[in-house]
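Report on one structure; see the data block that follows.
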Amino acid sequence: MRKANPRDTRTHILEQAIPMFAARGYSGVSMRHISQAVGTSAAALYHHFPDKQKLYFDAMAHAFADKAAGITEALEGKGTAAQRLERFIASFTRLMGEDPDFRALLQRELLDGDETRLKLVAEEVFSRPFRAMTALAEELAPEIDAHMLAISMAGLVLFHFETAPVRRFLPGGRARHNDPKTIARHVTQLLTRAFGGG
């Protein structure tokens, strides 16, 4: 019988942990819960991760790793600033729409993350794409604070997903407003007009 590859086991643990952390938050999940979901002992879990915080951080990084490359590529790729903005909005909106576990992890961390975890996530997971966002912001509107503009660009996308449960009850709410392509088109049009391109 072939022995399990430690890398495959580690990935399996992370993939089981992500939806659990997304649903219950950091404090709502124990190493015992994760070991039960994985079908292993808590001791085996500690062989791969020294503590829950490391497992949680690695789960966040794993959830975002592949997607971050696409977002950074959209921001740093060829084309005008307006074209890169459109690609970034499309890529970021697609990520938020297609990966509810990552979206829930992000929302939970923003709501109840402690300073140590927030610092780790900011520095190790989000810093490269955010640097690319601020560079694009400086190019689009050099007279505006680039940090605040980058946060606003991301916020325009995020808030559509965060308010989805209540928006359908608001006047004018339509099912199509939840479609990532519709959101991306709207945010792109709004920002393009704000920057004098439409």
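As numbered in my numbering, residues 125 to 322 make up the sequence shown, in order. Note that the Cβ used here is the ideal one computed from N, Cα and C, for glycine as well. Since the model is a prediction, treat every value here as computed from it, not as a measurement.
At a Cβ-Cβ threshold of 8 Å, His-186 and Ile-213 do not count as neighbours. Each residue's CA atom was taken as its position, placing Lys-243 and Leu-230 some 13 Å apart.
In this structure, the beta-carbon distance from Val-311 to Leu-260 does not fall below 8 Å.
In the structure shown, Phe-283 falls within a helical segment according to DSSP collapsed to helix, strand and coil. With contacts defined as CB atoms closer than 8 Å, Leu-315 and Leu-219 fail to qualify as a contacting pair. About 20 Å separates the beta carbons of Val-245 and Met-155, which is beyond the 8 Å limit, so they are not a contact pair.
Separation of Arg-317 and Ala-161 (C-alpha to C-alpha, rounded to the nearest whole angstrom) is 49 Å.
Remark: C-beta atoms of Ala-274 and Thr-258 approach each other more closely than 8 Å. By the Cβ test, the stretch 222-239 is in contact with the stretch 144-154, since at least three Cβ pairs between them sit closer than 8 Å. Shown here for Arg-211: same chain residues with a beta carbon closer than 6 Å to its own, the five before and five after excluded, namely Ala-198 in chain order.
Only residues of its own chain outside the window of five on either side were considered, and among them Leu-264, Ala-265 have a CB closer than 7 Å to the CB of Phe-319, listed in chain order.
The alpha-carbon of Pro-174 is positioned some 17 Å away from that of Glu-139. By alpha-carbon distance to Ala-193, the top candidate from His-136, Phe-181, Pro-253 is Pro-253.
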